[in-house]
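Below: the structure, in structure tokens.
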Amino acid sequence: MSLSGSTLSLNGEDMVVGFFPSANEFPGDLELGAFSDSSGQSPVGRRAIELADGSMTTIPDATSPSLLEKEPGDSSGAEVISYAPLLVIDPAHAGAQFGTLVHRFFEVGLASEAVRQRISDLAATEGLSEDLIDALTNRVDGFEKWLVDQFSPTMIHRELPILALTDEGTVMNGMVDLVVETEEGCWIIDHKSDQIKDSLAAFGKYRVQLGAYSDALHKLGKKVLGVAIHWTRKGEVVLCPEKDAR
-10 MSLSGSTLSL NGEDMVVGFF PSANEFPGDL ELGAFSDSSG QSPVGRRAIE
40 LADGSMTTIP DATSPSLLEK EPGDSSGAEV ISYAPLLVID PAHAGAQFGT
90 LVHRFFEVGL ASEAVRQRIS DLAATEGLSE DLIDALTNRV DGFEKWLVDQ
140 FSPTMIHREL PILALTDEGT VMNGMVDLVV ETEEGCWIID HKSDQIKDSL
190 AAFGKYRVQL GAYSDALHKL GKKVLGVAIH WTRKGEVVLC PEKDAR
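Numbered according to this note's numbering, the sequence shown spans residues -10 to 235.
Now the structure itself:
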């Protein structure tokens, strides 16, 4: 191995390297013997590399609540409230694309007739029948009425963007379907169009995601009273009050 200028020659290969000149002699009062070890080599100028077993925990720079683990979370205190009958849907409309369409209906809520008509037209181009479109429109109306009766909201935020820093230092970036503000605090509601049998059991899968939303809003100065999943197909809402409303 040889170094000429900024070119390092090693085993017949040349490579350009960066180097920083320093003193070529140790200070006269440096006692190297004080640092010696069983290897017989001076530790001065050496670097130790510790072998890891690959199980080191890493912290991502950024994440989204929807990407968090879906292990069952604490659902104690949750209750199931039904506001409408089961929505019977053709099995052909069971994919993610249909779920996105259903979500669009609830996104606009009781918007202007022109906006709601655009959503209906979009659904029609995707193959939804007129009867199903009418059923979804009526489902939205029923949910909006339940929302007012249940919470007496002072304000409703739809598709509320959140950006917060977790305790581990990861940037949490996401979108909350509904934040319902009341005089006492706010409720977080997420729409889901999954085909499920047990609303309460299925709710536990999303408890971690909802907790992330709750923590983010708390960091933004909001008092969160509880979280909920709105099962759009079943016409049910699972409400879970926060044990320590903040």
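Virtual Cβ for every residue (Gly too), placed ideally from N, Cα, C.
By Cβ distance below 7 Å, which residues in the same chain neighbour residue i in space, the five residues on each side in sequence not counted?
i	result
Ile178	Asp166, Leu167, Val169, Ala217 and His219
Met144	Glu170
Gly215	Trp176, Leu228, Cys229, Pro230 and Glu231
Ser53	Asn162 and Gly163
Leu199	Ile177, Asp179 and Val216
Ile108	Arg93, Phe94 and Val97
Thr5	For the record, residue 5 in the displayed sequence is Val; it is not Thr. Within the same chain, Val5 has close Cβ partners Ser(-5) and Thr(-4).
For residue i, tell me which candidate among the options has the shortest Cα-Cα distance.
i	options	result
Glu96	Phe132, Ala113 and Ser141	Phe132
Pro49	Val69, Gly158 and Glu172	Gly158
Pro142	Leu152, Gly174, Thr126 and Asp130	Gly174
Gly116	Ser71, Phe87 and Ser(-5)	Phe87
Ala124	Val77, Ser188, Pro54 and Asp187	Val77
Val129	Leu189, Ala113, Tyr72 and Leu(-1)	Tyr72
Leu121	Ile151, Glu102 and Asp79	Asp79
Leu152	Ala51, Leu(-8) and Glu102	Ala51
Asp156	Thr126, Lys186, Ala201 and Leu149	Ala201
Who does residue i pair with in a DSSP beta bridge?
i	result
Arg128	Answer by DSSP bridge pairing: none, since Arg128 is not bridged.
Asn0	For Asn0, which the question treats as bridged, DSSP gives no partner whatsoever.
Ala153	Met161
Arg147	Leu167
Ser182	DSSP lists no partner for Ser182.
His219	His180 and Val226
Ala51	Val160
Ile70	Val226
Val236	Here the chain has residues from -10 to 235 only, and residue 236 is not among them.
Val213	Cys175
Ser(-9)	Ser(-2)
With a cut-off of 8 Å on the beta carbons, I'd call residue i and residue j a contact; round off their distance for me.
i	j	result
Gln184	Arg147	Wrong, their Cβ atoms sit about 24 Å apart, outside the cutoff.
His92	Ser188	The pair is not a contact, with the Cβ atoms about 18 Å apart (cut-off 8 Å).
Gly224	Leu75	7 Å
Leu90	Ala113	10 Å between Cβ atoms; not a contact.
Take residue i and list the residues in its own chain whose beta-carbon comes closer than 6 Å to its own, dropping the five residues that flank it on each side.
i	result
Val226	Ile70, Ala217 and His219
Met(-10)	Leu(-1)
Pro150	Met164
Leu(-8)	none
Among residues of its own chain, excluding the 5 on either side of residue i, which ones have a beta-carbon nearer than 8 Å to its beta-carbon?
i	result
Leu154	Val160, Met161 and Lys208
Asp3	Thr(-4) and Leu(-3)
Phe140	Val169, Thr171 and Trp176
The region 199 to 209 touching the region 122 to 139, judged by at least three CB pairs closer than 8 Å: no
Spell out a yes or no on whether the region 63 to 79 and the region 182 to 194 are touching, meaning 3 or more CB-CB pairs, one atom from each, closer than 8 Å. Because the criterion of three Cβ pairs below 8 Å is met, the region 63 to 79 and the region 182 to 194 touch.
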